Structure formats: C-alpha cells, structure tokens
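A.B. asks: Just so you know, we're using the working numbering here: the sequence shown kicks off at 25 and counts up by one.
Handing you this structure, nothing more for now.
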Amino acid sequence: MKIVGLTGGIGSGKTTVAEMFLALEIPIYIADVEAKALMNRSKVIRRKLIQLFGRKAYSKQGLNKAFIASKIFEDKSLLEAMNAIVHPKVGQHFKRWLKKQNAPYVIKEVAIIYEIGAEKEYDVIILVTADKTERITRILSREGMTKSKALAIIKNQLPDEDKMQKADFVINNEDLVETNRQVLKIHRELLNA
Numbered sequence: 025m026k027i028v029g030l031t032g033g034i035g036s037g038k039t040t041v042a043e044m045f046l047a048l049e050i051p052i053y054i055a056d057v058e059a060k061a062l063m064n065r066s067k068v069i070r071r072k073l074i075q076l077f078g079r080k081a082y083s084k085q086g087l088n089k090a091f092i093a094s095k096i097f098e099d100k101s102l103l104e105a106m107n108a109i110v111h112p113k114v115g116q117h118f119k120r121w122l123k124k125q126n127a128p129y130v131i132k133e134v135a136i137i138y139e140i141g142a143e144k145e146y147d148v149i150i151l152v153t154a155d156k157t158e159r160i161t162r163i164l165s166r167e168g169m170t171k172s173k174a175l176a177i178i179k180n181q182l183p184d185e186d187k188m189q190k191a192d193f194v195i196n197n198e199d200l201v202e203t204n205r206q207v208l209k210i211h212r213e214l215l216n217a
C-alpha cells in the first residue's frame, strides 16, 4: 500500500484537499489532529511537555494550545524540541492505524514533512499551495488568530517555492472546482502507478 504525504503551509487548504480524497474513499490520517489528541492523552508526552514549557503547558481542560503556540512561534528551538517529543509518538500511532487500512493508497496529512526531513517516509508527496494573501485570509478566520501570529507561523514554515521543487504533485488550491479536478487527476495517476 502506498503512503502519500499531503503537505502545505498553514492556510493552503490541506484539509479541503484531504476531504476530496476522502470522498474518493481514500483513508486519511491527519497528523495534526492525532498529535493534539496524543498530547492530551499520553502521560509521557504530557510529562515531557511540562518539563519543556512549564506547568502552564496544561490547564484543567487539557493542553494549553494558546500558551504553547505563543512559545513555539517566538522560539524555533522550542518548536523543534516539541516536535522531537510529539512526532515519534504520532509516527507509532500512524503505523498502528496503517495496519487497519485496506486501500490502494492512504494519505497522511502533515504540515511540515519537509521541515522535519521526513520525505523518505512517503512513496509520493502532494503539496497544496495557495496565494499568500488568500492563506492569510483563511488563517484569520480561525479562532484567536491575528495577522502577526499568522505571519509568524508562515515564517516558520519552508517557503512553497522550496517545497515545489521536491514534491511529486502540486495542487494550487484557490478555486474549488479546479482543485477537485487536480485531485481526481492525481487519484487516477496513483491508482494506475
């Protein structure tokens, strides 16, 4: 079974593209969702994140996402340290999930494939892109997001131009009809490969 990486900067529309593949009955693993769940569920991750960020990393409700976000986007070394704690656990969870799938290929949506040097984990990588202005507009529609936070996140991610040179497929996600056409074309190619 092929493992297809689906990546792209924040606000590029990875989730929209993932939903289009899901409509084609392709199993989708969204690493960010699973990472957040594991950060709340795993006692080992919880202990290590408290060591890294302090007690404010968690509240009575669970992971203090706003606090952690404010720290990691000001300090890239904290982001890298957090990724080193969380990503191996997400990888283990993905392997267990993968064993349960029965499809010609699966998609693992990961925002930072290239940033963490994980290209070798995938048979194929699809990059989702969108105009920076459009991305910022999409990001600002999220709860608690400001333009400065959005720009800080974008700055911490590898530029699309760099990722485009490495990706097997690039989907420009600005018009949904055209995006869906691109998804169908890639889907057919993956089935026939």
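Just so you know, even glycine gets a beta-carbon here, dropped at the ideal spot from N, CA and C.
In this text the structure is predicted, and so the values were computed from the model without any measurement.
So, helix, strand or coil for Phe-118, using DSSP?
C.D. replies: In this structure, Phe-118 counts as helix in the three-state DSSP scheme.
A.B. asks: Where does Lys-67 sit, in a helix, a strand or coil, going by DSSP?
C.D. replies: helix
A.B. asks: Report the option in Leu-208, Lys-171, Glu-139 and Asn-197 whose CA atom is closest to the CA atom of Lys-190.
C.D. replies: Glu-139
A.B. asks: Alpha helix (DSSP H) containing Lys-26: first to last residue?
C.D. replies: Lys-26 -> not in any alpha helix (DSSP H); beta strand (DSSP E) instead, spanning 26-31.
A.B. asks: Report the rounded CA-to-CA distance for Thr-157 versus Ile-163, giving the unit in angstroms.
C.D. replies: 10 Å
A.B. asks: Need the endpoints of the alpha helix (DSSP H) that Ile-54 sits in, please.
C.D. replies: Looking at the DSSP string, Ile-54 is not in any alpha helix (DSSP H); the run it does join, the beta strand (DSSP E), is 52-54.
A.B. asks: Tell me, to the nearest whole angstrom, how far the beta carbon of Asp-99 is from that of Ile-150; I am working on the premise that it is less than 8 Å.
C.D. replies: Asp-99 to Ile-150, Cβ: 30 Å. No contact.
A.B. asks: Per DSSP, what kind of secondary structure is Ile-137 in: helix, strand or coil?
C.D. replies: In this structure, Ile-137 counts as coil in the three-state DSSP scheme.
A.B. asks: Got a sec? Which residues, its chain only, sit under 7 Å from Asp-147 by beta carbon, not counting five neighbours each side?
C.D. replies: The residues are Lys-26, Ile-27 and Val-28.
A.B. asks: For Ala-137 and Ala-217, I'd like the C-alpha separation in whole angstroms.
C.D. replies: Residue identity check: residue 137 is Ile in the sequence provided, not Ala. Whole-angstrom Cα-Cα distance: 22 Å.
A.B. asks: Look at the alpha carbon of Lys-171 and the alpha carbon of Ser-165, and state the distance between them as a whole number of angstroms.
C.D. replies: Inter-residue distance for Lys-171 and Ser-165 is about 10 Å (C-alpha atoms, whole angstroms).
A.B. asks: Quick check for students: name the residue ranges of the alpha helix (DSSP H) that lie wholly in the segment 159-208, counting only runs of 4 or more.
C.D. replies: 171-180 and 184-188
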